[in-house]
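Accompanying notes for the structure given below.
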Amino acid sequence: MDWHFQKGSIMRMRSILGSCCFSILLIVSTSAVGQENADELFKKGHMLAGEGSYEEAIRLFTQVIAIRPKTPEAFLNRGFSYAKLGQHEEAVKDYGQAISLKPKYLEAYMNRASSFLFQGDFKRALEDYTIAIEIDPKRAEGYFNRGIAYVRTGDYKKALEDYDEAIELNSSYAEAYGNRGFVHQILGDHEKAVRDFSEAIGLDQENANAYYNRGISGASMGHVEDALRDFGKAISLDPMNSNAYRSRGITLSEMKEPQRAMEDLNKAIQLNPGDVRAYLARGNLWEAMGNHLEAVKDFDEAIHVDPQNADAYNNRAIAYRNSGNKAGAIRDWQKAAQLGSEEARKHLRSQGRGW
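Residue 664 in my numbering sits at position 274 of the sequence shown, with consecutive numbering throughout.
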């Protein structure tokens with residue numbers, strides 16, 4: 391059963407890019423006029439960034455830097471604004487300038503690490519988060535975000551250690567419980583995952599991801615009624631959550647409720663037309679209902695979205711076989727086998743076509 395764990399909660403940076411950037415630190419200057427102008431520009435830039443007007447904020451912080459080029463706070467806040475616009479290369483440069491002016495600048499290390507993370511430079515992200523932790527080892531956010539970086543590198547043991555530390559420092563850290571639960575889920579320890587997701591929900595009852603992920607672990611443990619309730623709650627909190635519709639549809643399909651399952655899978659695809667898993671699940675449901683033509687259409691779409699998906703070829707082969715198209719079935723099993731599907735290889739061997 392392909393539940394597809396939701397990663398939203400683990401990839402979201404808990405606003406580290408912004409949480410520390412907007413405390414206004416007035417700029418010291420020997421020039422009263424320059425001081426006044428720089429301070430006013432900084433305050434206005436801070437206000438605009440807080441309102442989401444990042445391009446205008448960048449313009450004002452640039453003016454501050456022109457007046458007082460040795461102001462680390464201006465570089466930090468301009469870097470933050472660049473990051474919010476997705477311009478992480480520029481953000482990294484500004485955070486670097488802030489650090490060169492203020493070597494123990496915790497927020498600059500945290501923010502630069504987050505930009506490295508968005509760029510996929512996990513090694514440098516880990517280095518910066520580690521420096522941030524050394525600067526302030528009692529700050530839970532440092533461990534939380536380094537845990538995210540470890541997850542991205544696949545080092546789940548170290549990620550768990552960091553989430554443990556974050557929770558030790560802040561026992562009300564809902565997102566840390568959620569992320570730790572997600573790692574337990576990846577590792578297949580669904581009982582621990584459910585406990586952590588339940589803790590996260592207890593701390594934040596509006597956390598749609600925690601309900602969704604608890605539903606995933608519940609379904610994996612066979613607690614389908616609990617899973618359905620959690621998927622339903624996730625949907626009520628986040629009606630655009632296509633993953634929750636898809637996973638609830640899969641659960642309903644397993645419970646032999648094809649009509650309700652079809653409704654959920656249709657909705658999942660409507661919300662996310664590129665969801666390969668939803669096409670596969672709906673194709674499997676059509677096939678179980680004996681509608682080979684509609685099944686083939688869904689598997690076609692899955693292959694269109696992901697041409698290297700072995701399951702899509704294997705499942706389409708089964709639909710072809712069941713509809714009497716033996717040549718099409720053999721062709722798809724051969725392709726699936728090339729892509730590594732052991733099930734397809736078994737089908738080929740059963741047809742006297744060794745693999």
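All residues carry an ideal CB built from backbone N, CA and C; glycine is no exception.
Here the structure is a predicted model, which is why all the values come from computation and not from measurement.
To the nearest angstrom, how far is the alpha carbon of residue i from that of residue j?
{"i": "His-737", "j": "Ile-693", "result": "20 Å"}
{"i": "Ser-740", "j": "Ser-643", "result": "28 Å"}
{"i": "Ser-632", "j": "Leu-661", "result": "6 Å"}
{"i": "Glu-531", "j": "Ile-523", "result": "9 Å"}
{"i": "Ala-439", "j": "Glu-446", "result": "8 Å"}
{"i": "Ser-419", "j": "Arg-458", "result": "The predicted model places Ser-419 with a pLDDT of 33, which falls under 50 and marks its position as unreliable; any figure quoted below should be read in that light. Cα to Cα, the separation comes out at about 8 Å."}
{"i": "His-394", "j": "Asn-427", "result": "Its pLDDT being 36, under 50, His-394 is placed unreliably by the model, and nothing is read from it."}
{"i": "Gln-453", "j": "Tyr-540", "result": "38 Å"}
{"i": "Glu-615", "j": "Ala-564", "result": "25 Å"}
{"i": "Lys-494", "j": "Thr-461", "result": "14 Å"}
{"i": "Asn-712", "j": "His-682", "result": "7 Å"}
{"i": "Ile-640", "j": "Lys-716", "result": "28 Å"}
{"i": "Lys-474", "j": "His-436", "result": "13 Å"}
{"i": "Ala-456", "j": "Leu-593", "result": "45 Å"}
{"i": "Glu-732", "j": "Asn-705", "result": "13 Å"}
{"i": "Phe-508", "j": "Met-679", "result": "43 Å"}
{"i": "Leu-773", "j": "Lys-687", "result": "The first residue shown for the chain is 391 and the last is 745, placing residue 773 beyond what the model contains."}
{"i": "Ile-576", "j": "Gly-612", "result": "17 Å"}
{"i": "Ala-624", "j": "Ala-685", "result": "28 Å"}
{"i": "Tyr-635", "j": "Asp-665", "result": "11 Å"}
{"i": "Leu-466", "j": "Gly-544", "result": "30 Å"}
{"i": "His-471", "j": "Glu-653", "result": "A small fix is needed here, since residue 471 is Ser in this sequence, not His. Looking at the two C-alpha atoms, the distance is approximately 42 Å."}
{"i": "Val-584", "j": "Glu-647", "result": "25 Å"}
{"i": "Leu-416", "j": "Ser-610", "result": "Because the pLDDT at Leu-416 is just 32, under 50, the model does not fix this residue reliably, and the point stays unresolved."}
{"i": "Arg-542", "j": "Ile-448", "result": "30 Å"}
{"i": "Arg-638", "j": "Arg-529", "result": "38 Å"}
{"i": "Tyr-617", "j": "Tyr-499", "result": "Note that residue 617 corresponds to Ala in the displayed sequence, not to Tyr. If you take the alpha carbons of Ala-617 and Tyr-499, they lie about 40 Å apart."}
{"i": "Gln-724", "j": "Tyr-485", "result": "52 Å"}
{"i": "Ile-414", "j": "Tyr-567", "result": "For Ile-414, the pLDDT reaches just 34, beneath the cut-off of 50, and the residue's location in the model is therefore unreliable, leaving the point undetermined."}
Along the alpha helix (DSSP H) that carries residue i, what are the first and last residues, could you check?
{"i": "Leu-655", "result": "648-661"}
{"i": "Gln-487", "result": "478-491"}
{"i": "Glu-677", "result": "666-678"}
{"i": "Gln-359", "result": "Residue 359 is absent from the model: the chain starts at 391 and stops at 745."}
{"i": "Tyr-519", "result": "512-525"}
{"i": "Thr-461", "result": "No alpha helix (DSSP H) contains Thr-461, which DSSP labels as neither H nor E."}
{"i": "Asn-610", "result": "Sequence inspection shows Ser at residue 610; the Asn mentioned does not correspond to that position. Here the alpha helix (DSSP H) through Ser-610 covers 598-610."}
{"i": "Tyr-703", "result": "700-712"}
Using 8 Å for Cβ pairs, my map puts residue i next to residue j. What's the rounded Cβ distance?
{"i": "Arg-502", "j": "Asp-526", "result": "Not a contact, Cβ separation roughly 15 Å."}
{"i": "Asn-569", "j": "Gly-537", "result": "6 Å"}
{"i": "Ala-707", "j": "Ala-734", "result": "7 Å"}
{"i": "Ile-591", "j": "Asn-597", "result": "6 Å"}
{"i": "Ile-659", "j": "Ala-651", "result": "Not really, about 13 Å apart at Cβ, beyond 8 Å."}
{"i": "Leu-627", "j": "Tyr-601", "result": "7 Å"}
Out of the options, which one is the CA nearest neighbour of residue i?
{"i": "Glu-480", "options": "Lys-474, Leu-431 and Gly-469", "result": "Gly-469"}
{"i": "His-574", "options": "Ala-498, Tyr-553 and Lys-725", "result": "Tyr-553"}
{"i": "Tyr-703", "options": "Asn-712, Ala-717 and Arg-721", "result": "Arg-721"}
{"i": "Tyr-546", "options": "Asn-560, Ser-562, Gly-578 and Ala-719", "result": "Gly-578"}
{"i": "Gly-608", "options": "Lys-582, Leu-627 and Ser-626", "result": "Lys-582"}
{"i": "Ser-504", "options": "Ser-588, Lys-492, Phe-534 and Gln-487", "result": "Phe-534"}
{"i": "Phe-506", "options": "Phe-621, Leu-729, Val-482 and Ser-562", "result": "Val-482"}
- Query: Does the count of Cβ pairs from the segment 674-683 and the segment 695-704 closer than 8 Å reach three?
  - Reply: no
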